[in-house]
Each structure stands twice: as structure tokens, then as C-alpha cells.
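**Q**
Chains as they are written, first to last, in this note's numbering: chain A, 3 to 353; chain B, 848 to 1025.
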């Protein structure tokens, strides 16, 4: 058996190493600090670079630089730190640079709290930084999935030359579960002909997000739009649980989806036909998969650790065909399965 | 089999490591496990707790809000977690540090003077292992040998001299509930 018991933060860090990431720039913040802590020890062992920057803003711009030079690079933070990185993330997307950004969300707004939350869904999927750009956003629900998605994230970032965000929360970061690293050290990384590696013997490469001529910028942004369109077509990902005969469908991602899965089991014990739809990719939102499970669904209850953010994408995807309701806790509070069950029962009565 | 266990006490009583050992041992026995710490703004001497889930099937929610087993190492933990235990659940109370009696009548209560026993065998630090020994004897979800195997894996070699003491503590705890 090759399983090890690891914290989400540490497992995710090791996954990055296995995926060939050799550069990490970050700044500590609870509840993700074990991730940089782990890499501060691990990177020197494998000839990589771990650097604790003077701020989140510095760290994200170091990511820009390393990625521009063709490196596999990652940064991580938690909610307030991601806000600080937002400008750099927009620049990275504009300059079409691949990287992986981890956000282990905590309660906000402002400094908020160190406890888990999901209040950064809008920031992750709808922008955060300025301008027309999109991040691929992946939301693991277990430590094993955090490992698997992190490894995929580096490949997706390279494939689309676009930043990929792993969106977890404090519980995923702090929780320990058995994990298996299914990939050996990946030494064959894609060749990056666009990287600024020194121009000797080839044509000049320029990495930039500034296009002062409107016609040129429009061309550039439209090209980005084509890329985002391709991601929307190809990268939607979701998991369903007991949806075949479901009349009440729960929609939840990350830690909250685990709470909801248990609530589904509890509801089934009471004879309520409940099911769960769990987006794994938050952007692109898995709308096709959601539309496919609507068969007998009478109502969709979205559950989040927020005031209601993903529910907007759920509503867009079902486009008024099915009634929707919402249950959320905020401020670092986590909904319990029993709370969700009560909400299912109440929702069922009004349908 | 599904055990949802909450372990609570003062910071420094080894409640986090007790939980991690349980999870590690469960993994070695090819069971599904999850361990979640409370990571609130705690300080030294404050309360700490963790939740461990051990199951034969996939764990839906690793968050434990209605534990089937609750281990309390100090009085504030008894006050906080006694009301949360599932009907028919088990409560293990460290009577060395808790004078108060539990109030619930719909659960099984095991009173273990964990610190006193740990002192008898020569090291108060293994009070957590005494407690764990008692718990394992009752719930039978994990073999004590798997706990010792986990210790061999997580302790650095220069600390392996402490394993016999831990084995003795598990043993003494188990004797308390036989």
C-alpha cells in the first residue's frame, strides 16, 4: 500500500512537486501556511526554489517572471492574500502565462477570520482582477482529489497558457486523509517556444499585457475569448451522486459537498429521493452535466459557505426550468448535514 | 462500521496526536479515515479538539457534529461535547481532571483516571494513550497493535525507545474497561 496520511495543504504541495513544479513564491497566511512550510523544506531537496516574498503582490509578480521564463510555478494563499494578488493574476492571464494558484478560502470580507468559507467563488470565477479574463477553477472535495487536480492543473495551465486556480477552503487544507501519488516525478514537460529563455539562435520572444493600440488589444482579447470558449467546451467537470431518480437535487462544491452527500444519505433514509450535483470545475461551470440530471428533479437546493454565489451559475444553467433555493452559512461557520436535511424537508414542502 | 470520534482537551494533552494515531492506524488496516483539527484562534492552555472518522465504506462528510464516541480530557470539553453525542454513543471521561459527573442517561459512560494511571507507570504524558487503550478495548474498531505500528512509522528512530511505555499505557487503559 502506497497510501500516506497527509494534511490537504501538505499533500497539495507534494502534488505540485510531483507535477514538476520547481518554483514556489508565496507569503504565509492561515489556513494554508502548511503548504509553503512544506515546500520550504521540499524545494531545496530537489533543486527547486522556495521563496517567501515580502508580500503577496511581490509573490505573484515573481510567479509572472518565472512563468515567463518557462518554469512550472505555483503560489498559494488564502482569501485576503488572493485579493492582493488579483492585479498580478490579471496581468498573468493577459500575458498568457501558465501557473497554478491555490486559494484555501477563509471567512471574509476584509481580514474576516481564519475559519473555512466559500465566499471567494465570484472572485475566482467571475474575475477578481480587471479585464476580460477567466481562470480555470478546480474545486477538490477530498485530499486525494486535491492531489489529482493539482497535477492536472499544471498540465491544463500549460495547455491553455492560462492560470489555473485550485479553490479549496480551510477544512480541506487542515484535514488529514490517506492519499496516493499516482504519478512519478514528471521530467518531460512541454516545450515552451514562447518563453523568454535568452534569444540566442531564435527569434525574439516578448511577454507583455500592454497593447496601446485599441485594434491590437481587441484582436488579442478576442483571441483570449476563443481560448476561453475552448475551455468552456472541453473542461467542464462534475460528479453526481444518486441523481438518477432524484426529486430534490443538492448542488454544492468542495467541503460543503461532503456535508451534502451525508445529508442526501440521511434524506434517503427518510424516504426522500435526494441527490447531489457536485461541480469539480467551477469555471467553466459544468452546465451540461447539470442539465443532464434534471430528469425528475422538482427543485435544486444550493448549499454554500457563502451568502449565495454559485447559486447564480446554477440558476443560469437551469434557466428557470426548475425552482431553486439556497442554504448558506458564513463567517467561518460550516453547515451541518442535519441543517441541510431540515432545509431539504422544508424545501420539499413548498414545491 | 462507522465511528465518528471527537477527542477534546487542553492544548498539550496530546488530543491531536491521539486522533492522528487513530487515523493512521485505521489507514494501516485499510479502512477509510479522516482527521480534522479544530484550528480556531487557540492559545497554550486553551482547549483543542479533533474529529476522526473511521469507516469500512467511503466517508461522506468528514465533519463530525454528532459523535458516536467522545473522549474528554478536561472539564471544559465535557461541558462542550457531552450534549453533542449521538443517542447510544460512548463517552470516555478523564476523571483525573474532571470531578463533575456527566448528565446524559442515553449514552454509555466510561470513567478513566487517565493521568493517575499514566503517573503510576511513570510518565504523565501518556495519559492520552491510557485513554486510547480504554477506547479501543470498547469500540474494537482498531487493533492496538496498529496504533503501535503507526508509532513506529511516525516517531523518529531515536524516539522508538518510548514505544514500550506507550504499549503499556494502552494495555493499562484497556484493563480499566474489561
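Idealized CB from N, CA, C, for every residue including glycine.
What you are looking at is a predicted structure, and each value in this text was computed from that prediction instead of being measured.
Identify the contact partners of residue 336(A) in chain B, using a Cβ-Cβ distance below 8 Å as the criterion.
**A** Those within 8 Å of residue 336(A) in chain B are 910.
**Q** Could you tell me which of 95(A), 12(A), 69(A) sits nearest to residue 133(A), measuring between CA atoms?
**A** Cα-wise, what sits closest to residue 133(A) is 95(A).
**Q** Between the C-alpha atoms of residue 276(A) and residue 295(A), what's the straight-line distance to the nearest angstrom?
**A** Between residue 276(A) and residue 295(A), the C-alpha separation is close to 12 Å.
**Q** Look at the Cβ atom of residue 963(B), then the Cβ atom of residue 993(B), and state whether they are nearer than 7 Å.
**A** Result no, Cβ atoms of residue 963(B) and residue 993(B) do not sit closer than 7 Å.
**Q** Please tell me whether residue 974(B) has its Cβ less than 7 Å away from any Cβ of chain A.
**A** So, not an interface residue.
**Q** In chain order, what residues of the same chain have a beta carbon less than 8 Å from the beta carbon of residue 874(B), not counting five sequence neighbours either side?
**A** 880, listed in sequence order.
**Q** Would you say residue 883(B) faces chain A, with C-beta separation under 7 Å as the test?
**A** Residue 883(B) counts as touching chain A.
**Q** Quick one: what does DSSP say residue 276(A) is sitting in, helix, strand or coil?
**A** In this structure, residue 276(A) counts as strand in the three-state DSSP scheme.
**Q** Does any residue of chain A have a CB that is nearer than 7 Å to the CB of residue 865(B)?
**A** Chain A contact via Cβ: absent.
**Q** Just verifying my parser: in three-state terms, what is the DSSP assignment at residue 923(B)?
**A** Residue state, collapsed to three classes: helix.
**Q** Tell me whether the beta-carbon of residue 139(A) lies closer than 7 Å to the beta-carbon of residue 167(A).
**A** For residue 139(A) and residue 167(A), yes; Cβs fall inside 7 Å.
**Q** Report buried or exposed for residue 1001(B), applying the criterion of at least 16 other Cβ atoms within 10 angstroms of its Cβ.
**A** By the 10 Å Cβ count, residue 1001(B) comes out exposed.
**Q** Can you find a CB in chain A that lies within less than 7 Å of the CB of residue 874(B)?
**A** Yes, residue 874(B) lies at the interface with chain A (some Cβ there is under 7 Å from its Cβ).
**Q** What first and last residue would you give for the alpha helix (DSSP H) that runs through residue 262(A)?
**A** Taken as a continuous stretch (DSSP letters only), the alpha helix (DSSP H) holding residue 262(A) covers 256-271.
**Q** So who's on the other strand from residue 956(B), going by DSSP bridges?
**A** Its beta-bridge partners are 938(B).
**Q** Could you pull out every residue in the same chain whose Cβ sits closer than 7 Å to the Cβ of residue 905(B), ignoring the five residues on either side in sequence?
**A** For residue 905(B), where only same-chain residues beyond five positions count, the Cβ hits under 7 Å are 879.
**Q** Measuring only from the beta carbon, is residue 21(A) closer than 6 Å to any heavy atom that is part of the ligand MN?
**A** With respect to the ligand MN, the structure offers nothing, as it holds no ligand at all.
**Q** Would you decide whether residue 953(B) is buried or exposed? Buried here means 16 or more other CB atoms lie within 10 Å of its CB.
**A** By the 10 Å Cβ count, residue 953(B) comes out exposed.
**Q** Under 7 Å, Cβ to Cβ, is there at least one residue of chain A near residue 870(B)?
**A** Closer than 7 Å: yes.
**Q** Are there 16 or more other CB atoms within 10 angstroms of the CB of residue 271(A), so buried, or fewer, so exposed?
**A** Residue 271(A) comes out exposed.
**Q** Anyone know if the C-beta pair for residue 302(A) and residue 251(A) falls short of 7 Å?
**A** For residue 302(A) and residue 251(A), yes; Cβs fall inside 7 Å.
**Q** Would you decide whether residue 57(A) is buried or exposed? Buried here means 16 or more other CB atoms lie within 10 Å of its CB.
**A** Residue 57(A) comes out exposed.
**Q** Relative to chain B, which residues along the region 176-207 of chain A have a C-beta separation below 8 Å, given in chain order?
**A** Answer in chain order: 176, 177, 178, 179, 180.
**Q** With DSSP run on the structure shown, which of helix, strand or coil describes residue 283(A)?
**A** Residue 283(A) falls in the strand class under three-state DSSP.
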